[in-house]
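Trainee: One structure, pasted below without further comment.
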Amino acid sequence: MSKYTIGIDVGGTNLKFGVINSTGKIVSRFRLDTKRYLRSKVKLIDALSQSVLDVIAEKNIKTKDVLGIGVGLPGLINSKAGIVNLLPNIPGWKNVPFKTILQKKLKIPTFIENDVNLITLGEWKYGAGRGVKNLICMTLGTGVGAGLILNNEIYQGEGFVAGELGHMPINERGPDCPCGGSGCLERYVGNKYLMEKAGKIFKNKNIRLEDVHDLASKGNIRAVQFWEETATHIGNGLVGVINLLNPRLVIIGGGVSNNYKYMSKTINKIVQKRAMKVQAKMVKVTRAKLGDDAGIIGAQVLVAKNIK
Ligand SMILES: [Zn+2]
18 MSKYTIGIDV
28 GGTNLKFGVI
38 NSTGKIVSRF
48 RLDTKRYLRS
58 KVKLIDALSQ
68 SVLDVIAEKN
78 IKTKDVLGIG
88 VGLPGLINSK
98 AGIVNLLPNI
108 PGWKNVPFKT
118 ILQKKLKIPT
128 FIENDVNLIT
138 LGEWKYGAGR
148 GVKNLICMTL
158 GTGVGAGLIL
168 NNEIYQGEGF
178 VAGELGHMPI
188 NERGPDCPCG
198 GSGCLERYVG
208 NKYLMEKAGK
218 IFKNKNIRLE
228 DVHDLASKGN
238 IRAVQFWEET
248 ATHIGNGLVG
258 VINLLNPRLV
268 IIGGGVSNNY
278 KYMSKTINKI
288 VQKRAMKVQA
298 KMVKVTRAKL
308 GDDAGIIGAQ
318 VLVAKNIK
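As numbered in the working numbering, the sequence shown has no gaps in its residue numbers, which increase by one up to the final residue, 325.
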C-alpha cells in the first residue's frame, strides 16, 4: 500500500521538502537555498527532482510507496491543468506545464497548487482548522493573502486567484499598491510597509520586525502600540470578509503572526464591534498551528484529495 507523500514548498528563500506519512506527520525533511536556482528554470526543476529522489532514497522508501508529490508555488497556479501561469518573484516562470514535467522525470503522480492554498489545506486538515467546514486562513508576510475553505472545499475562483485578502481596499484615499489598486490592506500590514513604518517610529531604518516583537515583549509602549495598530488594520480587513462569507473560523498565519499575542485582543475587539451580529457571534479568530510546516503538510491533503 502507498503510504507516503512528498511535500514541496517553493519559497523565495528556501525550497522545503518533507516526506509525510498518511496521518499528516512529517517523517523526514530537507531544504535547499532557492537563490542558487533562481536564474534558471531548468536548474530549479533538476534540483527539485534530484532532491525528491535523494529524500526518498535516504528513508529507504520505494517509489511505489509514494502516493504522490504535492508542490506549493508562490504565484498564479492553474492546479486543475497543472500549469504554473506565473510566479511574480521568480523570473522565467510563465505558463510552465510543471505537473507534466515532474511526472515525466519522476514517474510519480504530481499535483501543484498555490502556496497559500496548500497552507490552508494543511491548517484545515491537521492544524487550527480541524473539523471546520467554513474558514479563512490569512497569511501575513511580504505578501498578505488568504485561502478559503467553503463547504469543506478549497475555493479557487474562476481564474484560480481567489483569496487576495491583502488587496482588499481598506481606505478609499489610501496609498498606491503594486497590484494597481490603492489603499489595499497589504499597504498597511505587509512586511515591507511594516518595516518602513517601524523604521520611522523607532528612528532606525535597519530595525527588523523581530526587534519590534522583542521590544513589545519587554513592554515598550510604542512597540505594543505598533502591533495594536497593525491588528486594527487586520481586523478591519477581516470584517468585510466575515460579513461576506460567514465563516466559523479565521486562522492567522505567516511570519507576522508571531506577534499574535499582541494583536489578538484588538483583532477580536474590532471584529466583534464592526462585523454584523450573526457573523460576529459565529466566528472565532485564532492563530495558525503548523507554522512553517503548513504548506508541506498541506501537500499531503492535496495529494490524498486527488488520489482516492
Ligand atoms: Zn493591492
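No residue lacks a Cβ here, since even glycine has one placed at the ideal position from N, Cα and C.
Distance check for F243 and N237, CA to CA, integer angstroms please.
Mentor: For N237 and F243, the distance between alpha carbons rounds to 10 Å.
Trainee: Who are the near neighbours of A240 in its chain, counting only those whose CB is closer than 6 Å to its CB and skipping five residues on each side?
Mentor: Same-chain partners within the cutoff: V229, L232, A233.
Trainee: Apply the 10 Å Cβ neighbour rule to V44 and answer buried if 16 or more other Cβ atoms are within range, or exposed otherwise.
Mentor: Exposed, because fewer than 16 other Cβ atoms sit within 10 Å of the Cβ of V44.
Trainee: Kindly examine ligand 1 and report whether one of its heavy atoms sits closer than 7 Å to the Cβ of G198.
Mentor: Yes; taking the cut-off as 7 Å, the Cβ of G198 has a heavy atom of ligand 1 nearer than that.
Trainee: Can you list, in chain order, the residues of its chain whose CB lies under 6 Å from that of R46, leaving out five sequence neighbours each side?
Mentor: Correct list, in chain order: G35.
Trainee: Any heavy atom of ligand 1 closer than 7 Å to the beta-carbon of E203?
Mentor: For ligand 1, at least one heavy atom lies less than 7 Å from the Cβ of E203.
Trainee: Based on DSSP bridge pairs, tell me the residues matched to D63.
Mentor: Note: D63 sits in no beta bridge, so no partner.
Trainee: Does the distance between the C-beta of C194 and the nearest non-hydrogen atom of ligand 1 fall short of 7 Å?
Mentor: It does: the Cβ of C194 is within 7 Å (strictly closer) of some heavy atom of ligand 1.
Trainee: Would you kindly report the start and end of the unbroken beta strand (DSSP E) that includes M155?
Mentor: Looking at the DSSP string, the run of the beta strand (DSSP E) that includes M155 is 152-157.
Trainee: Quick one: complete alpha helix (DSSP H) runs, 4+ long, within the segment 142-226?
Mentor: If we require 4 residues or more, the alpha helix (DSSP H) runs fully inside the segment 142-226 come out as 203-206, 208-218.
Trainee: For V256, does the three-state DSSP call read helix, strand or coil?
Mentor: Of the three classes helix, strand and coil, the one that applies to V256 here is helix, per DSSP.
Trainee: What does the alpha-carbon distance come out to for the pair R225 and L202?
Mentor: So the two alpha carbons sit approximately 20 Å from each other.
Trainee: Just curious, the alpha helix (DSSP H) that K42 is in, first and last residue?
Mentor: Taken as a continuous stretch (DSSP letters only), K42 belongs to no alpha helix (DSSP H), as it is neither H nor E.
Trainee: Between H184 and ligand 3, is there a pair consisting of the residue's CB and a ligand heavy atom that are separated by less than 7 Å?
Mentor: As far as ligands go, the structure on display features ligand 1 and does not contain ligand 3.
Trainee: Assign C196 to buried or exposed, taking buried as 16 or more other Cβ atoms, counted over all protein chains shown, within 10 Å of its Cβ.
Mentor: C196 comes out exposed.
Trainee: Would you decide whether R204 is buried or exposed? Buried here means 16 or more other CB atoms lie within 10 Å of its CB.
Mentor: Buried.
Trainee: Per DSSP, V101 is paired with what?
Mentor: Beta-bridge pairing links V101 to I94, V113.
Trainee: How would you label N221, buried or exposed, when you count the other beta carbons within 10 angstroms and need 16 or more for buried?
Mentor: By the 10 Å Cβ count, N221 comes out exposed.
Trainee: Let's test the definition: count the other Cβ atoms within 10 Å of the Cβ of L65 and tell me whether it reaches 16, buried, or not, exposed.
Mentor: So L65 counts as buried.
Trainee: Where do the ends of the alpha helix (DSSP H) carrying I313 lie?
Mentor: Where I313 is concerned, the enclosing alpha helix (DSSP H) stretches over 311-323.
Trainee: Measuring alpha carbon to alpha carbon, tell me which of K325, A215, P264, D82 ends up nearest N168.
Mentor: Nearest option by C-alpha distance: P264.
Trainee: Taking all protein chains shown into account, decide if G158 is buried (16 or more other Cβ within 10 angstroms of its Cβ) or exposed.
Mentor: When all chains shown are included, G158 counts as buried.
Trainee: For the alpha helix (DSSP H) containing V295, name the first residue and the last one.
Mentor: Start and end: 294-299.
Trainee: Near P105, what residues of its chain come up, given a Cβ to Cβ distance below 7 Å and the 5 sequence neighbours on each side ignored?
Mentor: The answer, listed in chain order, is G92.
Trainee: Please classify D132: is it buried, with 16 or more other beta-carbons within 10 angstroms of its beta-carbon, or exposed?
Mentor: With 16 or more Cβ atoms within 10 Å of its Cβ, D132 is classed as buried.
Trainee: For Y21, report the span of its alpha helix (DSSP H) as first-last.
Mentor: Note, Y21: premise wrong, no alpha helix (DSSP H); beta strand (DSSP E) at 21-27.
Trainee: Taking E227 as the reference, give the member of R190, Y277, N188, I125 with the closest Cα.
Mentor: Of the candidates R190, Y277, N188, I125, the one whose C-alpha sits nearest the C-alpha of E227 is Y277.
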